[in-house]
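A quick write-up on the structure given underneath.
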């Protein structure tokens with residue numbers, strides 16, 4: 001768990017560390033400082049592309065992973081079955097507070113602390129578990 | 001009847017007109033008009049498959065495809081299915097009344113019988129803000145569970161109570177919503193909602209900006225131990241609605257479950273009888289501009 005200010009600091013540090021930019025799965029990256037969101041475009045199995053968003057969930061006070069899927073032709077896809085997601089992901093189709101007009105798949109974050117443990121560089125540990133470990 | 005029973009049993013009369021594009025050519029337009037009554041405390045899409053099944057012999061296309069590409073509208077306002085029916089009704093109903101400057105007249109009327117006229121549209125592209133129905137009916141249940149996990153976390157500071165429900169209780173909980181069974185709903189929700197909540201899961205829906213939902217941090221007591229009122233929560237989120245001396249402006253009215261609520265009501269007292277089936281207390285903020 002981390003508060004909003006800590007998240008904002010760690011999000012900037014994550015961007016500046018270039019961990020995501022150097023990740024082999026990353027195709028492009030955008031850091032939206034106004035919305036406090038990092039958007040990462042990654043190639044997935046079966047020619048699919050995912051746009052991942054790293055944002056803040058104010059209810060759970062945890063980082064929030066959301067994503068949209070695109071088929072090889074570039075159209076939005078809602079077919080979750082074509083990707084092998086980590087088995088512990090609980091995925092819900094929802095809208096995001098920072099983008100209320102677009103449906104995003106969101107990964108449940110109520111048990112984040114149990115998944116990644118406490119302390120240390122929280123957002124770095126989180127990004128490794130929730131994103132870079134399985135999209136490489 | 002208790003307030004809780006009245007809230008749970010609240011219904012709305014609906015006339016649903018299905019997009020003519022979905023019918024075989026030559027089918028009379030009135031065939032696509034359905035009258036039914038729906039619980040305020042439900043998701044409107046829950047009843048759609050059953051309703052459309054009644055019309056299927058007159059329709060083109062299969063049900064899954066229709067559900068995937070449809071959305072609901074009232075007077076050209078898109079109705080997001082993932083908000084409780086009652087909240088959407090109060091938002092569009094009071095908006096229409098405000099436009100006709102009939103708010104006060106309506107608020108004092110006790111005999112009005114109203115029918116909510118909505119339209120089911122179909123098209124290749126959904127309007128902004130609409131979540132497509134891709135996995136019926138599991139998607140709706142999963143969305144509702146996701147809401148309750150948030151509500152549970154706000155109430156208790158953890159989602160453990162929700163996550164540790166037995167399979168039987170989880171099923172009973174969702175079935176209670178689908179079947180309108182208040183006994184089962186109260187039985188399971190009592191395992192999640194504490195007698196002394198930490199905070200209240202509150203959402204404020206501003207009639208003048210309905211796409212933006214406010215979710216203030218609504219603690220039951222402030223730092224000096226004073227019980228927090230609905231007005232306190234509104235004041236932190238929508239301070240522009242306050243008049244002098246910190247009271248709610250006379251042009252603003254707060255509606256919860258279709259009922260005008262006193263802004264000074266304590267959140268802790270308001271939540272148990274007025275909470276919605278998704279675990280949140282939804283308050284529609286009506287302001288005459």
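Protein chains in written order, with full-length UniProt numbering: chain V, 1 to 136; chain E, 1 to 289. Beta carbons: idealized from backbone N, C-alpha and C, even for Gly. If you're wondering where the values come from, they're calculated on a predicted model, not measured in any experiment.
Just checking my contact of residue i with residue j at CB under 8 Å: how many whole Å lie between their CB atoms?
i	j	result
residue 154 (chain E)	residue 201 (chain E)	4 Å
residue 140 (chain E)	residue 46 (chain E)	6 Å
residue 65 (chain V)	residue 48 (chain V)	That pair is no contact at about 17 Å.
residue 248 (chain E)	residue 267 (chain E)	Incorrect: roughly 15 Å between the Cβ atoms, too far for contact.
residue 179 (chain E)	residue 116 (chain E)	Incorrect: roughly 22 Å between the Cβ atoms, too far for contact.
residue 41 (chain V)	residue 51 (chain V)	5 Å
residue 131 (chain V)	residue 10 (chain V)	Residue 131 (chain V) to residue 10 (chain V), Cβ: 14 Å. No contact.
residue 94 (chain E)	residue 286 (chain E)	5 Å
Any idea what DSSP makes of residue i, helix, strand or coil?
i	result
residue 28 (chain V)	strand
residue 57 (chain V)	strand
residue 43 (chain V)	strand
residue 194 (chain E)	coil
residue 93 (chain E)	helix
residue 209 (chain E)	coil
residue 88 (chain V)	coil
residue 222 (chain E)	coil
residue 12 (chain E)	strand
residue 98 (chain V)	coil
residue 83 (chain V)	coil
residue 117 (chain E)	strand
residue 34 (chain E)	strand
residue 203 (chain E)	strand
residue 73 (chain E)	strand
residue 49 (chain V)	strand
residue 134 (chain E)	coil
residue 55 (chain E)	helix
residue 146 (chain E)	helix
residue 134 (chain V)	helix
residue 15 (chain V)	helix
residue 39 (chain E)	strand
residue 76 (chain V)	strand
residue 234 (chain E)	helix
residue 126 (chain E)	coil
residue 256 (chain E)	strand
For residue i, decide whether its Cβ has a neighbour in chain E, counting only Cβ atoms nearer than 8 Å.
i	result
residue 59 (chain V)	yes
Should residue i be flagged as near chain V, meaning a C-beta pair shorter than 8 Å?
i	result
residue 191 (chain E)	no
residue 123 (chain E)	no
residue 143 (chain E)	yes
residue 317 (chain E)	The question about residue 317 (chain E) has no answer, for chain E in this structure spans 1 to 289.
residue 32 (chain E)	no
residue 227 (chain E)	no
residue 64 (chain E)	no
residue 129 (chain E)	yes
Counting along the chain, where does the alpha helix (DSSP H) carrying residue i start and finish?
i	result
residue 251 (chain E)	Premise fails: residue 251 (chain E) is in no alpha helix (DSSP H) and is neither H nor E.
residue 272 (chain E)	267-274
residue 63 (chain V)	Not the alpha helix (DSSP H): residue 63 (chain V) falls in the beta strand (DSSP E), residues 62-70.
residue 127 (chain V)	122-127
residue 116 (chain V)	112-116
residue 161 (chain E)	160-163
Can you give me the start and stop residues for the beta strand (DSSP E) that residue i sits inside?
i	result
residue 189 (chain E)	Segment 182-189 is the alpha helix (DSSP H) holding residue 189 (chain E); no beta strand (DSSP E) there.
residue 167 (chain E)	Where residue 167 (chain E) is concerned, there is no enclosing beta strand (DSSP E), although the alpha helix (DSSP H) it sits in stretches over 167-179.
residue 286 (chain E)	281-287
residue 24 (chain E)	That residue, residue 24 (chain E), is in no beta strand (DSSP E); it is neither H nor E in DSSP.
residue 261 (chain E)	259-261
Selection of the region 92-124 of chain V by Cβ proximity to chain E, strictly under 9 Å: Identification of residues in the region 92-124 of chain V having a C-beta nearer than 9 Å to some C-beta of chain E yields 92, 93, 94, 95, 97, 100, 101, 102, 103, 106, 108, 110 and 111, given in sequence order.
Taking a Cβ distance cut-off of 7 Å, strictly less, list which residues of the region 58-81 of chain V are near chain E, in chain order. 59, 60 and 78
In the UniProt domain "Autophagy protein ATG5 UblB" (200-285) of chain E, which residues sit with their C-beta less than 9 Å from some C-beta in chain V, listed in chain order? 201, 211, 212, 213, 215 and 217
Between the region 135-161 of chain E and chain V, which residues of the former have CB atoms less than 7 Å from a CB of the latter, in chain order? With the criterion set as a beta carbon lying under 7 Å from some beta carbon of chain V, the members of the region 135-161 of chain E are 139, 142, 143, 146, 149, 150, 153, 154 and 159, in sequence order.
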